[in-house]
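>
Residue numbers (the working numbering), protein chains in the order written: chain A, 1 to 283; chain B, 1 to 322.
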């Protein structure tokens, strides 16, 4: 193992320990892929030529310094990007064998299949805990009758069930930040997505909550494909099977410098910039 | 060892030990109590005026509808006026609330920025129109066309009780007066709702969109519930204006001393404020003046009750969606 590269990290022990828990990725079917994706805000190009395949039921981490277009990229994967005025895109995003930007594709259908969890926990404050879990059904007009089962199942998957099962009717605003974020994950799961996008889901949380969410992510990846943006190197190592490293030179659009199995990117990076970044030398 | 016996120190006085703070605190407190004193003064003054009215008419002043001052004994009752004020306000609200909500939704979520800004200014301007001008406009411009709409309503929807008209006279109706009130309420309700809706956190809108919402479901389940309290507050501000409005109603409503329960396109209705202003100029003496002041007192009480109910509604609508 190329553990020598981790010499400059303080958390060497932890990385090695967690490393062994992430099973070496086996070749899996592709769930979705980005093909030559470039993105603009107005006239400013922020992302250029991104090609990534996301294998089914794996976790892919998108890492890189702030402002390199990771969050923008993740928002192109469920067509949230287009809701920002002036947003434009080139290339294609393939899901279920089709380009999700094709004219005959309903963006609502895409957003249901490809769920999203945001940086700041954002449960709906006007709803109860239960109401939040079921909100996706209401918002999308999805008809399902087994509401009790959905609530229990998704809250269990999100690792929150035992903490809230006796107060499902309480206001979502009463939850702590970590609990709120797990509630939001349950909410995203209730519409049965195949892919879950997570945009720095732990950056607003304390270490204990972060650990819980990471456990949840590992657990969820048995059923759904997860794509997670993170600034936390250890987190990427702990939760992901694959990693893509984004970088933007000054006044230039961001692009993917290197991608591959997480063990490779962190243990044996091919590009000097990747090596520097994963060792905390910039960013 | 003696740590349990440390001296108890009162820190309350320390909080105001700065001289400037003390002066400021007293000034602010005095100002606050002045406002309360003025309110209490009005209530007491008007309350005293109701004594002669009640001495001569008893409770029937509130429960009957009549204004025969020169008979012996004189009979006067303002029930029809009190009820009429509420009916006008309800007609106004039914028109103004949906219009204002749609307008504010359009301005916040749909309109291009420039259009939204222009609309905001226009609507603020609308709020600034003096009510006497609105009354004149309603009398000369609105009346003739409203007469036609009401005829059509009566012709096609006359089987609905509220659209009955037996007199064949379509002028001076609660509908026209309510419509004028709606025009006065729309700018208030719209500007408050717009303000409230524009504050929907982008986080929540993002979350809603990521869950596959349409514009409608996002509004229905996220933005409107989030702004609920504020929007109801705006409606109540508008309602307060409608209940007390005098002059604009004076121009278009035919005051009759009968209770018009629900026939909103029938000529004739009531309004306490308009009763007062229409009688005040030709008041027959001390006694009638006291009756009018008593009417004013109950208008004051009614607006207070409406405000209390409004607060209860705001508190109740705070409930969570399951």
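Cβ coordinates follow ideal geometry from the N, Cα and C atoms, glycine included.
Cβ closer than 7 Å: which chain B residues qualify as neighbours of residue 191 of chain A?
Along the first chain, one-based indexing puts residue 191 of chain A at 191. Under the 7 Å cutoff, chain B gives 211, 212.
> Less than 6 Å between C-beta atoms, sequence neighbours within five positions excluded: which residues of the same chain meet that for residue 263 of chain B?
On the second chain, residue 263 of chain B is found 263 positions in, with the first residue counted as 1. Excluding residues within five positions, the ones whose Cβ falls inside 6 Å are 164.
> Straight-line CA distance for residue 50 of chain A to residue 224 of chain B?
For the purposes of this step, residue 50 of chain A is taken as residue 50 along the first chain, with counting starting at 1. For the purposes of this step, residue 224 of chain B is taken as residue 224 along the second chain, with counting starting at 1. Distance between the alpha carbons of residue 50 of chain A and residue 224 of chain B: 39 Å.
> My guess is that residue 283 of chain B and residue 81 of chain B are in contact by the Cβ rule of under 8 Å, so how many angstroms apart are they, rounded?
Along the second chain, one-based indexing puts residue 283 of chain B at 283. Along the second chain, one-based indexing puts residue 81 of chain B at 81. Contact flag wrong, Cβ pair sits at about 16 Å.
> Closer than 7 Å, CB to CB, is residue 32 of chain A near chain B or not?
Here residue 32 of chain A corresponds to residue number 32 of the first chain, with the count starting at 1. Cβ-Cβ to chain B under 7 Å: no for residue 32 of chain A.
> Among the candidates B/118, B/196, B/236, B/167, whose CA atom is the shortest distance from the CA of residue 219 of chain B?
Numbered from its first residue, the second chain carries residue 219 of chain B at position 219. Checking every option, the nearest Cα to that of residue 219 of chain B belongs to B/196.
> Quick check: is the beta carbon of residue 116 of chain A nearer than 7 Å to any beta carbon in chain B?
Against the first chain, residue 116 of chain A aligns to sequence position 116. For residue 116 of chain A, the answer is yes, since a Cβ of chain B falls inside 7 Å of its Cβ.
> What residue range is occupied by the uninterrupted beta strand (DSSP E) comprising residue 256 of chain A?
Numbered from 1 along the first chain, position 256 holds the residue referred to as residue 256 of chain A. Looking at the DSSP string, the run of the beta strand (DSSP E) that includes residue 256 of chain A is 255 to 261.
> Return no unless some Cβ of chain A is closer than 7 Å to the Cβ of residue 17 of chain B.
If you number the second chain from 1, residue 17 of chain B lands on position 17. With 7 Å as the cut-off, residue 17 of chain B does not count as an interface residue toward chain A.
> Using a C-beta cutoff of 7 Å, does residue 203 of chain B count as contacting chain A?
For the purposes of this step, residue 203 of chain B is taken as the residue at position 203 of the second chain. By this cut-off, residue 203 of chain B is an interface position.
> For residue 57 of chain A, which residues from the same chain have a beta carbon less than 8 Å from its beta carbon, with the 5 sequence-adjacent residues on both sides left out?
The sequence position of residue 57 of chain A within the first chain is 57, counting from 1. Excluding residues within five positions, the ones whose Cβ falls inside 8 Å are 28, 31, 221, 222, 223, 224, 225.
> Determine, using beta-carbon pairs with one atom in the stretch 176 to 187 of chain B and one in the stretch 88 to 108 of chain B, whether at least three such pairs fall under 8 Å.
As far as the Cβ criterion goes, the stretch 176 to 187 of chain B touches the stretch 88 to 108 of chain B, which means the pair count is three or higher.
> Report all residues from its chain with a CB closer than 7 Å to the CB of residue 33 of chain A; omit the five preceding and five following residues, and keep chain order.
As a working mapping, residue 33 of chain A is identified with position 33 in the first chain. Cβ neighbours of residue 33 of chain A beyond the five flanking positions: 52, 53, 54, 94.
> To test your reading of the DSSP string, which unbroken alpha helix (DSSP H) runs of 4 or more residues are found completely within the stretch 25 to 108 of chain A?
If we require 4 residues or more, the alpha helix (DSSP H) runs fully inside the stretch 25 to 108 of chain A come out as 70 to 76.
> Assuming residue 252 of chain B and residue 177 of chain B make a contact with CB atoms under 8 Å, what is their CB distance in whole Å?
As a first step, residue 252 of chain B must be located in the second chain, where it is residue number 252. As a first step, residue 177 of chain B must be located in the second chain, where it is residue number 177. The pair is a contact, with the Cβ atoms about 5 Å apart (cut-off 8 Å).
> So if I threshold CB-CB distances at 8 Å, which residues from the stretch 214 to 248 of chain A count as touching chain B?
Listed by position, the residues of the stretch 214 to 248 of chain A near chain B (Cβ gap below 8 Å) amount to none.
> Helix, strand or coil, according to DSSP, for residue 261 of chain B in the structure here?
Stepping through the second chain from its first residue, residue 261 of chain B is reached at position 261. Here residue 261 of chain B sits in coil by DSSP.
> Give the range of the alpha helix (DSSP H) segment to which residue 302 of chain B is assigned.
Counted from its first residue, the second chain places residue 302 of chain B at position 302. Segment 286 to 316, the alpha helix (DSSP H) holding residue 302 of chain B.
> Strictly below 7 Å CB to CB, what residues from chain A border residue 56 of chain B?
Position 56 of the second chain, counted from the start, is the residue given in the question as residue 56 of chain B. Near residue 56 of chain B there are no residues of chain A at all, since even the closest Cβ is about 53 Å away, more than 7 Å.
> In angstroms, rounded to a whole number, what distance separates the CA positions of residue 284 of chain A and residue 60 of chain A?
Any answer about residue 284 of chain A is impossible in this case: the structure gives chain A only from 1 up to 283.
> Would you tell me roughly how many angstroms separate the C-alpha atoms of residue 84 of chain B and residue 17 of chain B, rounded to the nearest one?
Reading the second chain from its first residue, position 84 is the one you call residue 84 of chain B. Reading the second chain from its first residue, position 17 is the one you call residue 17 of chain B. Rounded to whole angstroms, residue 84 of chain B to residue 17 of chain B spans 56 Å at the Cα level.
> Using CA atoms only, rank isn't needed, just tell me which of A/264, A/230, A/183 is closest to residue 67 of chain A.
Indexing the first chain from 1 puts residue 67 of chain A at position 67. The residue with the shortest Cα to Cα distance from residue 67 of chain A is A/230.
> If residue 87 of chain A sits next to residue 41 of chain A, beta carbons under 8 Å apart, how far is it from one beta carbon to the other, in whole angstroms?
Within the first chain, the letter at position 87 stands for residue 87 of chain A. Within the first chain, the letter at position 41 stands for residue 41 of chain A. So it is a contact: roughly 6 Å between Cβ atoms.
> Output, in chain order, the set of chain A residues within a Cβ distance shorter than 7 Å of residue 208 of chain B.
Counting from one through the second chain, the residue named residue 208 of chain B turns up at place 208. Near residue 208 of chain B (Cβ distances below 7 Å), the residues of chain A are 139.
> Taking the continuous alpha helix (DSSP H) assigned at residue 99 of chain B, which residues delimit it?
Residue 99 of chain B sits at position 99 when you count from the first residue of the second chain. Its alpha helix (DSSP H) spans residues 79 to 105.
> Quick one: what's got a C-beta closer than 8 Å to residue 154 of chain B's C-beta in the same chain, skipping five residues either side?
Within the second chain, residue 154 of chain B is the residue found at index 154, counting from 1. Taken in chain order, the residues that qualify are 163, 164, 165, 170, 265.
> Ignore the nearest five residues each way along the sequence and tell me which others in residue 21 of chain A's own chain have a CB closer than 6 Å to its CB.
The count along the first chain starts at 1 and reaches residue 21 of chain A at position 21. In this prediction, residue 21 of chain A scores a pLDDT of 46, lower than 50, which makes its location untrustworthy; the coordinate-derived value is nonetheless stated afterwards. Taken in chain order, the list of residues that qualify is empty.
> Can you confirm whether residue 23 of chain A, when its beta carbon is compared against all beta carbons of chain B, has any partner nearer than 7 Å?
Taking the first residue of the first chain as position 1, residue 23 of chain A is located at position 23. At residue 23 of chain A, the pLDDT of 49 sits below 50, so the modelled position is not reliable; the number obtained from the coordinates is stated separately. It does not; no Cβ of chain B falls within 7 Å.
> Just the chain B side, please: which residues come within less than 8 Å of residue 290 of chain A by C-beta, in chain order?
The question about residue 290 of chain A has no answer here: the residues shown for chain A are numbered 1 through 283.
> Quick one: does residue 120 of chain A have its CB under 7 Å from some CB of chain B?
Numbered from its first residue, the first chain carries residue 120 of chain A at position 120. Yes, residue 120 of chain A counts as interfacial toward chain B.
> Can you tell me the Cα-Cα spacing of residue 267 of chain A and residue 170 of chain A, whole angstroms?
Sequence index remark: in the first chain, residue 267 of chain A carries index 267 (1-based). Sequence index remark: in the first chain, residue 170 of chain A carries index 170 (1-based). So the alpha carbons of these two residues sit roughly 46 Å apart.
> Distance check for residue 210 of chain A and residue 233 of chain A, CA to CA, integer angstroms please.
To locate residue 233 of chain A, count along the first chain from 1; it is residue 233. To locate residue 210 of chain A, count along the first chain from 1; it is residue 210. Roughly 13 Å between the two C-alpha positions.
> With C-beta atoms as the reference, is residue 129 of chain A less than 7 Å away from residue 168 of chain A?
The residue you call residue 129 of chain A lines up with position 129 of the first chain. The residue you call residue 168 of chain A lines up with position 168 of the first chain. Yes, the pair counts as a contact, with Cβ atoms nearer than the cut-off.
> Below 6 Å CB to CB, which residues in the same chain sit around residue 87 of chain B once its five sequence neighbours on both sides are set aside?
Along the second chain, one-based indexing puts residue 87 of chain B at 87. Excluding positions up to five away in sequence, the list reads 174.
> Just checking residue 307 of chain B against the ligand FAD - is the residue's beta carbon closer than 6 Å to any of the ligand's heavy atoms?
As far as ligands go, the structure on display features none, and thus does not contain the ligand FAD.
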